[in-house]
Amino acid sequence: MTRNTSFPESVKVGKPILHSLPNGWEQKTLDNYLNLESRKVNLLNDQEYDLVTVKRSRGGVVRRERLLGRNISVKTQFYIKEGDFLISKRQIVHGACGLVPKNLDGSIVSNEYSVFTAKENFYLPYLEYLSETLYFQQVCFHSSIGVHIEKMIFKLETWFKWSFNIPPFAEQKRIAQILSTWDQAILVTEKLLENSQQQKKALMQQLLTGKKRLLDENGVEFSDEWQRFSLGSIAKVYQPKTISQSELSSDGYPVYGANGIIGYYSDFNHELEQIAVTCRGSTCGVVNWTLPKSWITGNAMVINVDGSVLVDKKFLFYVLGFSDLKYLITGSGQPQITGDIKNHVVSLAPIEEQKSIAYVLTLADQEIGILQKKLDCLKQEKKALMQQLLTGKRRVKV
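In short: position in the sequence shown from 1, add 156, done, that's the working numbering.
Below you can see the structure in the form of C-alpha cells.
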C-alpha cells in the first residue's frame, strides 16, 4: 500500500482495523486497564523543577529543561513518577508517548499531557509495545481533532471508545519481557555503532590532517611533507550527462543522482568506482563513493583520478568527505556547486601514506557497516516478532 505522502512519516492515518480476537484474550477499551492520574503541583517560586517532553515516533520521555517555579509560564503542572505512561496531547499523532524512566521520577508536566498508571489487570510496559502497532497509532490519529496536522489535539474520551485485543496479565508481562531483550540488544548495538563512528571521526581528524603519522612497511613512521593541490590539477572534474526519470527502471546498472542511488539503467557511464559530489539540491556537497559500472548523472560532480600515480582514489574520497564544501554552494532557491569545485585545494600525503590511511579508514567503515547491518536486522526481527506476539498469532508460555 502506498503511504499517504501528504502527512509526515511519523503520522499513521487510515482506518484502524483490529485483528481477530485470539483465544483467551479480551476485547475491551483501554479505560478498563488504565487510570488517569492528576498529581497537581503547588509551584514554589524558589524551587527548581524538571520539565519533560516526549519525543515523536516513540522516541522516549526526556528532560526538556530545569526551571525555578517563578520561571515556569504555565502554572498548572502535575507530577509524574517512574513507570507512568505519558501521552502528549499535541504530539500523539506523531507517536509522542512512552514510559517515564527512573531518572525523571518526580518531574512535572503541564495539562497538555495525559498521565496513566495501570489497573491491577494490566502490565503498563506492555502498553509501550502496543503503542508501536499500526492499529494503536491509527486510533490515536482518529482520536485527535484539528484543522492542521501540527495543531491536532488528543481527545481522551474518544480514545477510550476504541477497543483493543488484550492478553491476560501473565501473557502481557511475558511478551513485554521478550521484547525488552530485543530492545537491550538494539541499545547495545546502537552504542557500539556510535562508538565506532566516533572512533572513525577521531581517526579522520588525526590521519587526514597529518597530526598522526602511520608506519610504513618497514615499521618506520612516514615523515615526508604533504603537498597542497587544487582538484583541477590532480583530477578530471566534470558533470556527466543526465538521463531522464522516465528512462530509469527497477533493474540494470545503478544510477546516482542528488540523493545517492535513484534507480537503475540499461547502461553505465563509469566502469570503475568514482568520487561523486552532489552538486544540486538540498544534499549539495555530499560526497558519495559509487559502485563500479554505474551511471552518474549531472546532479553530481565527478572527481575522477583514474590512472593517477599521485592520488589514491579512496584517500581523496575520505579527504573530500572530511572537508567542508559548503563554501562552494551558490544559489538560494536551488543550491548548486559549479565547476569552481576544481579550485578547491586539498592536502595530499605521499602516495604510500595515502594508501595506508585509506586502508585504515576502510577497515573502520567496514566495522561500522557490519554494526549497521546487525542493527537493521535486530530492528527488523523485533518488528516481525511484535507483529506475531501483539496480535496473538504467536503465543508465549507463561
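Cβ atoms here follow ideal geometry from the backbone N, Cα and C, with glycine treated the same way.
Keep in mind that this is a model prediction, so the values were computed, not measured.
Compute the Euclidean distance between the alpha carbons of residue i and residue j, then round it to the nearest angstrom.
i      : j      : result
Glu381 : Tyr420 : 43 Å
Leu370 : Ser270 : 57 Å
Val490 : Arg436 : The sequence given here places Gln at residue 490; Val does not occur at that position. Approximately 7 Å between the Cα atoms of the pair.
Val265 : Thr209 : 8 Å
Ser464 : Leu387 : 13 Å
Asn277 : Tyr412 : 55 Å
Gln293 : Phe316 : 14 Å
Gly311 : Ile342 : With the sequence shown as reference, residue 311 is identified as Lys, and Gly is not the correct amino acid for it. Between Lys311 and Ile342, the C-alpha separation is close to 33 Å.
Leu527 : Gln233 : 42 Å
His175 : Thr547 : 7 Å
His250 : Ser213 : 6 Å
Ser352 : His298 : 42 Å
Gly408 : Asp423 : 7 Å
Gly106 : Gln401 : Past the boundaries of the shown model lies residue 106; the chain is included only from 157 to 554, so the question cannot be answered.
Tyr282 : Val501 : 56 Å
Gln395 : Phe478 : 22 Å
Gln355 : Leu364 : 14 Å
Leu335 : Gly254 : 15 Å
Ile428 : Lys449 : Per the sequence shown, residue 428 should be read as Leu rather than Ile. Roughly 6 Å between the two C-alpha positions.
Tyr474 : Cys533 : 27 Å
Val467 : Lys357 : 22 Å
Pro506 : Ala391 : 16 Å
Pro324 : Leu404 : 52 Å
Asp372 : Gly366 : 14 Å
Ser162 : Asn415 : 21 Å
Glu288 : Gln362 : 42 Å
Val197 : Val230 : 11 Å
Leu186 : Ile248 : 16 Å
Glu508 : Asp462 : 17 Å
Val376 : Ile524 : 29 Å
Asn179 : Glu238 : 33 Å
Lys329 : Tyr235 : 26 Å
Lys535 : Ser379 : 46 Å
Pro164 : Ile418 : 21 Å
Arg246 : Arg550 : 34 Å
Thr314 : Gly302 : 14 Å
Phe385 : Ser166 : 46 Å
Lys553 : Gln333 : 12 Å
Between the beta-carbon of residue i and the beta-carbon of residue j, is there less than 8 Å?
i      : j      : result
Ile431 : Val443 : yes
Ser244 : Leu207 : no
Pro172 : Val295 : yes
Asp202 : Leu224 : yes
Leu199 : Val217 : no
Arg219 : Leu260 : yes
Met542 : Tyr285 : yes
Gln383 : Leu517 : no
Val433 : Ile485 : no
Glu204 : Arg222 : yes
Ile331 : Leu545 : yes
Met563 : Ser319 : With the chain represented from 157 up to 554, any question about residue 563 goes unanswered, as that position is not in the structure.
Leu192 : Phe272 : yes
His426 : Thr439 : no
Glu182 : Ile322 : yes
Ile493 : Leu476 : no
Leu531 : Glu268 : no
Lys459 : Val393 : Reading off the sequence shown, one finds Ile at residue 459, where the question assumed Lys. Yes, the Cβ-Cβ distance between Ile459 and Val393 is below 8 Å.
Residue i and residue j look like a contact to me (Cβ under 8 Å); what is the Cβ gap, rounded to whole Å?
i      : j      : result
Leu290 : Lys168 : 6 Å
Leu190 : Ala274 : 7 Å
Thr398 : Gly487 : Their Cβ separation, rounded to whole angstroms, is 18 Å, which puts Thr398 and Gly487 out of contact at 8 Å.
Ala520 : Leu359 : 6 Å
Phe471 : Gln522 : That belief does not hold up - the Cβ atoms of Phe471 and Gln522 are roughly 16 Å apart, past 8 Å.
Lys538 : Trp338 : 4 Å
Based on the DSSP secondary-structure assignment, which residues constitute the bridge partners of residue i?
i      : result
Gln492 : Arg436 and Thr486
His426 : Ser450
Lys184 : Phe320
Lys196 : Phe234
Ser512 : Note: Ser512 sits in no beta bridge, so no partner.
Asn191 : Thr273
Ile431 : Trp445 and Ile459
Ile497 : For Ile497, which the question treats as bridged, DSSP gives no partner whatsoever.
Tyr474 : None, per the DSSP bridge assignment.
Does any C-beta atom of chain C lie closer than 8 Å to the C-beta of residue i?
i      : result
Ala274 : The structure shown contains no chain C; it is built from a single protein chain.
Taking 7 Å as the cut-off, is the beta-carbon of residue i closer than that to any non-hydrogen atom of the ligand ZN?
i      : result
Val502 : Looking at this structure, you won't find the ligand ZN or any other ligand, since it has none at all.
Worksheet item: Taking the runs of the alpha helix (DSSP H) that are 4 residues or longer, which of them lie wholly in the stretch 272-327?
Response: The qualifying runs are 280-286, 290-298 and 312-315.
Worksheet item: Fully enclosed by the stretch 324-412, which alpha helix (DSSP H) runs are 4 residues long or longer?
Response: Counting whole runs of 4 or more residues, the stretch 324-412 contains the alpha helix (DSSP H) stretches 325-363 and 387-390.
Discussion item. Quick check on the DSSP output: what are the complete beta strand (DSSP E) runs of length 3 or more inside the stretch 240-266, in order along the chain?
Written reply: 241-244, 253-255 and 264-266
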